[in-house]
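S.K.: Using this note's numbering, the first residue of the sequence shown is number 653, and each one after it goes up by one. Using N, Cα and C, we set each Cβ at its ideal position, and we do this for glycine too. Once you've had a glance at the structure underneath, I'll fire off some questions.
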Amino acid sequence: MKSISVCVLSLLVACSITATGEPKKSTLIVELENTQTSNLIKKIFYEYPTQEPRRKAGYLKKRLKEIEERVELRYLSKNNKKEIAILEFLANKESSLKKDTSFSNRVRYLSSLSYPIEAGFSMLMKEKAEIEKNLSESRLEFLNPQILGQSKIHESLFFESNDYGRQKYLDLLAYELKNTENLALSILRNYPKSTLKVVGEAEANFSFYYRDRVLRINIDNVETMPKDETIALAAFFGLPGAGAIEEENTISLSKFLYLPSYNLGWAAYSLNEIAKSDPENSEAYLRFSKLIVVLGLTDLNIHSGKWTSYEGREFLKKNSYYSANREQLFLEQLQARPGLFLSINLGKIFFNEMKRKCLEKISLDFCGKALNQLIVDQGTVPLPYLKNLLIERFLSNSLP
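Here you go:
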């Protein structure tokens, strides 16, 4: 450690000499380096939220420089290295968004990825085509979507436009949350108990909105809801979707990360995975997957100036399975939160790419549950950090 005096360092080196006179890495140095780093991270954890907004970027840069000057990074544990990666991301985010609030820069820090905006369109169109192909192969009539209130189905599936119907919708969602939780073991080795809280709201300016394990649902006009929406919502926001991401219960800078590309990107990726193991409901998962991609394309094209709001609305109308009032809510939501849906899709594309790289290096057996478990167990981290960790595991053939 650079701040330790010469005499102390000499003592540590002397203590690390074996009986044969050969030096070995001192466990005491490792312990001291990690203890000091943990203390610095703890200090940032408590001080960062108290900083004035205009001073946050400078504060984080100063703390990052302090760590780099005082700590030998090669001695740090994986956990402390992860914390420093998060610190570096937060420092760059505070500094960059202070100077550049453009759509592309916003997406960069909602996703932690640096895909060119121009490439995003082609990647999402490819995703959309793949989902439509899967729907077509399943003999699904995805070009003529059925709205629940318009379809001839068993009467018990209708949601009336009153308090009884709204409660029935929420009850069915709660039921499906239990069903999809039981399916989580088809793509994961283990998972935390679901802590998702569902709140029904009237007159909200969104269709559904998720943050910090709370799913808020607009329960107006439930009679127009797609008949298979509840199981897709349950799988996406509950288990094995966003609810499977490990929640950090210790002092960690991940508390300050907002990366929909990670938890909701994983959720989008997991829908494709679970569709293979739950063919009975694959239509619901694929339809919802298509909705997420369509919202991502609308988000990208409106905020990059390629489409007008009218053109975005027409695209939603042509490609969604929702009624006109829901399409308008989606449009208002993505306009209020530029980059959110695009970032979710970029996260999904990232996880697809990681699986492809895994299959190139390791056998299929390791690129299913083992890979998925490693992803969710990391908790929320910048995706470039996760990529380096996964590639290291692929090269060493050491997935858990």
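Going by C-alpha to C-alpha distance, which of 998, 813 and 1001 sits closest to residue 876?
M.R.: Of the listed residues, the one whose Cα sits closest to residue 876 is 813.
S.K.: What does DSSP give as the partner residue(s) for residue 868 in the beta ladder?
M.R.: Answer is 851 and 861.
S.K.: Can you give the Cα-Cα distance for residue 882 and residue 713, rounded to whole angstroms?
M.R.: When rounded, the distance between both Cα atoms is 44 Å.
S.K.: Do residue 893 and residue 884 come within 7 Å of each other at the CB atom, strictly closer than that value?
M.R.: No, Cβ-Cβ distance for residue 884 and residue 893 is not below 7 Å.
S.K.: Given 8 Å as the limit, is there contact between the stretch 748 to 766 and the stretch 715 to 734, that is, 3 or more CB pairs closer than that?
M.R.: Because the criterion of three Cβ pairs below 8 Å is not met, the stretch 748 to 766 and the stretch 715 to 734 do not touch.
S.K.: From residue 707 to residue 715, what does the alpha carbon distance come to, in whole angstroms?
M.R.: Each residue's alpha carbon lies about 12 Å from the other.
S.K.: Tell me where the alpha helix (DSSP H) around residue 919 begins and ends.
M.R.: Segment 912 to 929, the alpha helix (DSSP H) holding residue 919.
S.K.: Which same chain residues, not among the five before or five after residue 984, have their C-beta less than 7 Å away from its C-beta?
M.R.: The answer, listed in chain order, is 857.
S.K.: Pick helix, strand or coil for residue 1033, following the three-state DSSP scheme.
M.R.: Reduced to three states, the DSSP call for residue 1033 is coil.
S.K.: Spatial neighbours of residue 682 within its chain, please: C-beta separation below 6 Å, excluding the five flanking residues on both sides.
M.R.: Correct list, in chain order: 727.
S.K.: Please list the terminal residues of the continuous alpha helix (DSSP H) segment that includes residue 945.
M.R.: Run containing residue 945: 934 to 955, per the alpha helix (DSSP H) assignment.
S.K.: Of the choices 832, 1010, 953 and 968, whose alpha-carbon is the least far from that of residue 990?
M.R.: That would be 953, whose Cα lies nearest to the Cα of residue 990.
S.K.: Can residue 1027 and residue 920 be called in contact, C-beta distance under 7 Å?
M.R.: No.
S.K.: Below 8 Å on the Cβ atoms is my contact criterion, and I expect residue 1030 with residue 1038 to pass it. Report the Cβ-Cβ distance as a whole number of Å.
M.R.: The Cβ separation is near 6 Å, so the contact holds.
S.K.: How should residue 788 be labelled, buried or exposed, when 16 other C-beta atoms within 10 angstroms of its C-beta is the threshold for buried?
M.R.: By the neighbour-count rule (16 or more Cβ atoms within 10 Å), residue 788 is not buried but exposed.
S.K.: If you drop the 5 nearest sequence neighbours on each side, which residues of the same chain put their C-beta closer than 8 Å to that of residue 1023?
M.R.: Result list for residue 1023: 1006, 1007, 1010, 1042 and 1051, in chain order.
S.K.: Under the assumption that residue 860 contacts residue 873 (Cβ atoms under 8 Å), give the Cβ distance between them as a whole number of angstroms.
M.R.: That pair is no contact at about 13 Å.
S.K.: Is the Cβ-Cβ distance between residue 1002 and residue 968 less than 7 Å?
M.R.: No, these two residues do not count as a Cβ contact at 7 Å.
S.K.: If we count Cβ pairs, one from each stretch, closer than 8 Å, do we get three or more for the stretch 931 to 945 versus the stretch 901 to 913?
M.R.: With a cut-off of 8 Å, the stretch 901 to 913 and the stretch 931 to 945 do not count as touching, because too few Cβ pairs lie within range.
S.K.: Quick one: is residue 807 buried, meaning 16 or more other Cβ sit within 10 Å of its Cβ, or exposed?
M.R.: The predicted model places residue 807 with a pLDDT of 38, which falls under 50 and marks its position as unreliable; any figure quoted below should be read in that light. Residue 807 is exposed by the Cβ-count criterion.
S.K.: Nearest chain D C-beta to residue 983 closer than 7 Å, yes or no?
M.R.: Among the protein chains of the structure shown there is no chain D, as only one such chain exists.
S.K.: Check the C-beta distance from residue 912 over to residue 999 and give it rounded, since I have them as a contact under 8 Å.
M.R.: Indeed they touch by this definition, with Cβ atoms about 7 Å apart.
S.K.: Terminal residues of the continuous alpha helix (DSSP H) containing residue 642?
M.R.: Here the chain has residues from 653 to 1052 only, and residue 642 is not among them.
S.K.: State the Cα-Cα distance for the pair residue 974 and residue 775, rounded to the nearest angstrom.
M.R.: Whole-angstrom Cα-Cα distance: 24 Å.
S.K.: Leaving out five residues before and five after residue 769 in sequence, what residues of the same chain have Cβ atoms less than 8 Å from its Cβ?
M.R.: Within the same chain, residue 769 has close Cβ partners 755, 756, 759, 952 and 956.
S.K.: If you run the structure through DSSP and keep just helix, strand and coil, what is residue 895?
M.R.: In the structure shown, residue 895 sits in a helix (DSSP, three-state: H, G or I).
S.K.: Using the C-alpha atoms, what's the distance from residue 863 back to residue 898?
M.R.: Taking the straight line joining both Cα atoms gives about 15 Å.
S.K.: Smallest Cα separation from residue 741: which of 709, 753, 751 and 729?
M.R.: It is 709 whose Cα lies nearest to the Cα of residue 741.
S.K.: When DSSP labels each residue in this structure, what does residue 729 get in the three-state scheme?
M.R.: Note: residue 729 maps to coil in three-state DSSP.
S.K.: Which class does residue 752 belong to by DSSP, given the choice of helix, strand or coil?
M.R.: Here residue 752 sits in coil by DSSP.
S.K.: Taking the alpha-carbon of residue 868 as reference, which of 958, 879 and 889 has the nearest alpha-carbon?
M.R.: Comparing Cα-Cα distances from residue 868 to each of 958, 879 and 889, the minimum goes to 889.
S.K.: For residue 694, which residues of its own chain have a beta-carbon under 7 Å away from its beta-carbon, when the five flanking residues on both sides are left out?
M.R.: So the qualifying residues of the chain are 903.
S.K.: Residue 915: buried (16+ other C-beta within 10 angstroms of its C-beta) or exposed?
M.R.: That one is buried.
S.K.: Evaluate residue 1040 with the Cβ neighbour count: other Cβ atoms within 10 Å of its Cβ, from every protein chain shown; 16 or more gives buried, anything less gives exposed.
M.R.: Classification of residue 1040: exposed, given that the 10 Å Cβ count is below 16.
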